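S.K.: Got a structure here, written out as structure tokens. Questions coming.
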Amino acid sequence: MAVALALRVDVLLLDEPFNGLDARSHALLEDALADPARVSTQCIVISSHASINAPGVRDLDLLTMDGYHGTRTEDGTSRTAI
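Letter by letter, the sequence shown follows residues 1404 to 1485 of the numbering used here.
Following this line, the structure appears as structure tokens:
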């Protein structure tokens, strides 16, 4: 995680980054992700099964269920597009 954060890539993909962290490490990671210098220059995509209560870390939440977001139509597709 430290290497990924240090690289300052344009897009940072994080899969379950808060899993298994103690409270202190969780807070440190939140602070690192919410750093104004990082937020203004990076797109950070976080995948998580748990709700992330981290103000300042995210601009948009996309919730999915059974692989879909929005309301499913009769043919099984989603009506909501991003």
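C-beta: ideal position from N, C-alpha, C; glycine also. A quick note: this is a predicted structure, and the numbers were derived from the prediction, not measured.
Quick one: Cα of D1413 to Cα of A1405, how far?
M.R.: Those two C-alpha atoms are separated by around 16 Å.
S.K.: Does the Cβ-Cβ distance between L1417 and V1448 come in under 8 Å?
M.R.: It is a contact, given that the beta carbons lie within the stated cut-off.
S.K.: Mark L1436 as exposed unless 16 or more other C-beta atoms lie within 10 angstroms of its C-beta, in which case mark it buried.
M.R.: Result: buried.
S.K.: Starting from V1448, trace the beta strand (DSSP E) in both directions and tell me its first and last residue.
M.R.: That run of the beta strand (DSSP E) goes 1446 to 1450.
S.K.: Under the three-state reduction of DSSP, which class applies to V1412: helix, strand or coil?
M.R.: Reduced to three states, the DSSP call for V1412 is coil.
S.K.: Within 10 angstroms of the Cβ of E1419, are there 16 or more other Cβ atoms? Answer buried if so, exposed if not.
M.R.: So E1419 ends up on the exposed side.
S.K.: Residues in its own chain within less than 6 Å of C1446 by CB, not counting five upstream and five downstream?
M.R.: If we look at C1446 and ignore the five residues flanking it on each side, its Cβ neighbours are V1414.
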